[in-house]
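> Handing you this structure, nothing more for now.
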Amino acid sequence: MQVVKLANFSDIRCDIPELKGDNYKVWKERVFLHLGWMDIDYAIKKDEPPALTDTSIAADITLYERWERSNRLNMMFIKTRISASIRGSVDQHEKVRDLLKAIDDQFVTSDKALASTLIMKFSSLRLTSVKGVRKHITQIRDIVAQLKKLEVEMSESFLVLYILNTLPHQYGPFKISYNTHKDKWSINELMTMCVQEERRLVMEQGESAMLATRGKGKSQANQKGKGKILPQAGIKKDSNYFFCKKKGHMKKECTKFQKWLADKGFAKPKEASEK
-6 MQVVKLANFS DIRCDIPELK GDNYKVWKER VFLHLGWMDI DYAIKKDEPP
44 ALTDTSIAAD ITLYERWERS NRLNMMFIKT RISASIRGSV DQHEKVRDLL
94 KAIDDQFVTS DKALASTLIM KFSSLRLTSV KGVRKHITQI RDIVAQLKKL
144 EVEMSESFLV LYILNTLPHQ YGPFKISYNT HKDKWSINEL MTMCVQEERR
194 LVMEQGESAM LATRGKGKSQ ANQKGKGKIL PQAGIKKDSN YFFCKKKGHM
244 KKECTKFQKW LADKGFAKPK EASEK
């Protein structure tokens, strides 16, 4: 015989934040998930059965006890997940449906404010780099999904065109290719194509950077070589001196060169200067 293990609150791993006003949508979703997983949300889904009387049959008693237990546990749990600053305005209710309606009514204006905030964020999103296109599109889709829950819907064709317009100028040829394409893409197809284009652009940028680095290295090498006087190799002391055509001395030691300077009045002969 198979033993069915009853769920208990310690088994669940759902993180339920405290309701504070700006997290109502997330709070409500997680509360419903928690209560549904625990299988105690009967009072939320079903109307309250007729009150018990002396003539109530066993089936009616069982049904009512099930609803009463579900309502009591739901009320206890939900109130523990509401901030003290909000709990006072909804604490007077004794039935879980009434409690949830009161919370919904209190946060209707918050939905409008949230929708305005999301629309502003949606309209300001821009991809400023070639990289990160998948994350960029996913972020836009997430905002669109939140707006849909707030009854603000957008067509897929509009979203595809909008996303293309949020891409940087490097994706220009890619945008032109789509505009001249006869078929329309879905969001998933757009993401796939954008990721492929991102890879191509990244590779293209890498090649350009490599060529620029090589060109810079050659330019610096040429600049280093400029202005340097190369050593006059091959002129040795024992080579013929151009003035007297004799070997074994340098220009300053040449007597003929000194005499020539003296005759021109630039210097005295070496022998005269030594006297």
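FYI, the numbering for the sequence shown is -6 to 268, going by the working numbering.
Each residue gets a CB set at the ideal place from its N, CA and C atoms; glycine is no exception.
1) According to DSSP, is Ile75 part of a helix, a strand, or is it coil?
2) Mapping DSSP to helix, strand and coil, what is Leu66?
3) Could you have a look at Glu111 and say whether DSSP puts it in helix, strand or coil?
4) Can you tell which of Ser122, Ile112, Ile9 has its C-alpha closest to the C-alpha of Ile315?
5) When the distance is taken between beta carbons, is Ser179 closer than 9 Å to Val153?
6) On the criterion of 16 or more Cβ atoms from any shown chain inside 10 Å, does Asp34 qualify as buried, or is it exposed?
7) Can you find at least 3 beta carbon pairs, one from the segment 118 to 131 and one from the segment 159 to 166, that sit closer than 8 Å?
8) Which residues does DSSP list as the beta-bridge partners of Leu12?
9) Quick check on Lys94: does DSSP put it in helix, strand or coil?
10) Might you give, ordered along the chain, the residues of its own chain that have their beta carbon closer than 6 Å to the beta carbon of Ile75, omitting 5 neighbours on each side?
11) Roughly how many whole angstroms lie between the Cα atoms of Phe115 and Glu190?
12) Tell me whether the beta-carbon of Arg80 lies closer than 9 Å to the beta-carbon of Ile37.
13) Mapping the DSSP letters down to three states, classify Thr248 as helix, strand or coil.
14) Grouping DSSP H, G and I as helix and E and B as strand, with all else coil, what is Arg192?
15) By Cβ distance below 8 Å, which residues in the same chain neighbour Asn16 in space, the five residues on each side in sequence not counted?
16) Classify Arg119 as helix, strand or coil using the three-state DSSP reduction.
17) Is Gln251 buried or exposed, if buried means 16 or more other CB atoms sit within 10 Å of its CB?
18) Which term fits Asp256, buried or exposed, when burial requires 16 or more other beta carbons within 10 angstroms of its beta carbon?
19) Given a cut-off of 9 Å, decide if Leu107 and Leu143 are closer than it, judged by their beta-carbon atoms.
20) Since Val101 and Leu92 should fall inside the 8 Å C-beta cutoff, what is the C-beta to C-beta distance between them, to a whole number of angstroms?
21) Quick check: what's the CA-CA separation for Val195 versus Ile133?
22) State the DSSP-derived secondary structure class of Pro166, mapped to helix, strand or coil.
23) Would you tell me roughly how many angstroms separate the C-alpha atoms of Asp231 and Thr248, rounded to the nearest one?
24) Using only the alpha-carbon positions, how far apart do Tyr155 and Asn181 sit?
25) From what residue to what residue does the alpha helix (DSSP H) around Gln139 run?
26) Determine the direct distance from the alpha carbon of Pro42 to that of Leu56, and round the result to whole angstroms.
27) Along the chain, where does the alpha helix (DSSP H) containing Leu154 start, and where does it finish?
28) Going by DSSP in three states, Lys88 sits in which element: helix, strand or coil?
Answer, in terms of the structure:
1) Sequence index remark: in the sequence shown, residue 75 carries index 82 (1-based). Reduced to three states, the DSSP call for Ile75 is strand.
2) In the sequence shown, residue 66 corresponds to position 73, counting from 1. Helix at Leu66.
3) Counting from 1 along the sequence shown, the entry for residue 111 is found at position 118. According to the sequence displayed, residue 111 carries Leu and not Glu. Of the three classes helix, strand and coil, the one that applies to Leu111 here is helix, per DSSP.
4) The question about residue 315 has no answer, for the chain in this structure spans -6 to 268.
5) Residue mapping note: residue 153 aligns to position 160 of the sequence shown, counting from 1. Residue mapping note: residue 179 aligns to position 186 of the sequence shown, counting from 1. Going by C-beta atoms, Val153 is nearer than 9 Å to Ser179.
6) Position 41 of the sequence shown, counted from the first residue, corresponds to residue 34. Buried is the call here.
7) Flag = yes, the segment 118 to 131 and the segment 159 to 166 touch.
8) One-based indexing of the sequence shown puts residue 12 at position 19. Partner(s): Ile75.
9) Indexing the sequence shown from 1 puts residue 94 at position 101. Residue state, collapsed to three classes: helix.
10) If you number the sequence shown from 1, residue 75 lands on position 82. Excluding sequence neighbours, Ile75 sits near Leu12.
11) Reading the sequence shown from its first residue, position 122 is the one you call residue 115. Reading the sequence shown from its first residue, position 197 is the one you call residue 190. Approximately 23 Å, taken between the alpha carbons.
12) The count along the sequence shown starts at 1 and reaches residue 80 at position 87. The count along the sequence shown starts at 1 and reaches residue 37 at position 44. Contact: no.
13) Position 255 of the sequence shown holds residue 248. Here Thr248 sits in helix by DSSP.
14) Against the sequence shown, residue 192 aligns to sequence position 199. Helix, per DSSP.
15) Looking up residue 16 in the sequence shown gives position 23. Hits under 8 Å: Pro10.
16) Residue numbering aside, residue 119 sits at position 126 when the sequence shown is read from its first letter. For Arg119, the secondary structure class from DSSP, reduced to helix, strand or coil, is coil.
17) Position 258 of the sequence shown, counting from 1, holds the residue named residue 251. By the Cβ-count criterion, Gln251 is buried, with 16 or more other Cβ atoms from all chains shown falling within 10 Å of its own Cβ.
18) Along the sequence shown, read from residue 1 onward, the residue named residue 256 stands at position 263. Looking at its Cβ environment, which holds fewer than 16 other Cβ atoms inside 10 Å, Asp256 is exposed.
19) As a working note, residue 143 is residue 150 in the sequence shown. As a working note, residue 107 is residue 114 in the sequence shown. Going by C-beta atoms, Leu143 is nearer than 9 Å to Leu107.
20) In the sequence shown, residue 101 corresponds to position 108, counting from 1. In the sequence shown, residue 92 corresponds to position 99, counting from 1. With 8 Å as the limit, Val101 and Leu92 do not qualify as a contact, their Cβ atoms being about 16 Å apart.
21) Mapped onto the sequence shown, residue 195 falls at position 202. Mapped onto the sequence shown, residue 133 falls at position 140. The alpha-carbon atoms of Val195 and Ile133 are separated by roughly 22 Å.
22) Within the sequence shown, the letter at position 173 stands for residue 166. The answer is helix: DSSP assigns Pro166 an H, G or I state.
23) On the sequence shown, position 238 is the one that residue 231 refers to. On the sequence shown, position 255 is the one that residue 248 refers to. At Asp231, the pLDDT of 47 sits below 50, so the modelled position is not reliable; the number obtained from the coordinates is stated separately. Going by the C-alpha atoms only, they are around 16 Å apart.
24) One-based indexing of the sequence shown puts residue 155 at position 162. One-based indexing of the sequence shown puts residue 181 at position 188. Cα-Cα distance, rounded: 14 Å.
25) Taking the first residue of the sequence shown as 1, we reach residue 139 at position 146. Here the alpha helix (DSSP H) through Gln139 covers 126 to 142.
26) Along the sequence shown, read from residue 1 onward, the residue named residue 56 stands at position 63. Along the sequence shown, read from residue 1 onward, the residue named residue 42 stands at position 49. When rounded, the distance between both Cα atoms is 7 Å.
27) Counted from its first residue, the sequence shown places residue 154 at position 161. It spans 149 to 158 - the alpha helix (DSSP H) in which Leu154 sits, taken as one unbroken run.
28) In the sequence shown, residue 88 corresponds to position 95, counting from 1. It is coil, neither helix nor strand.
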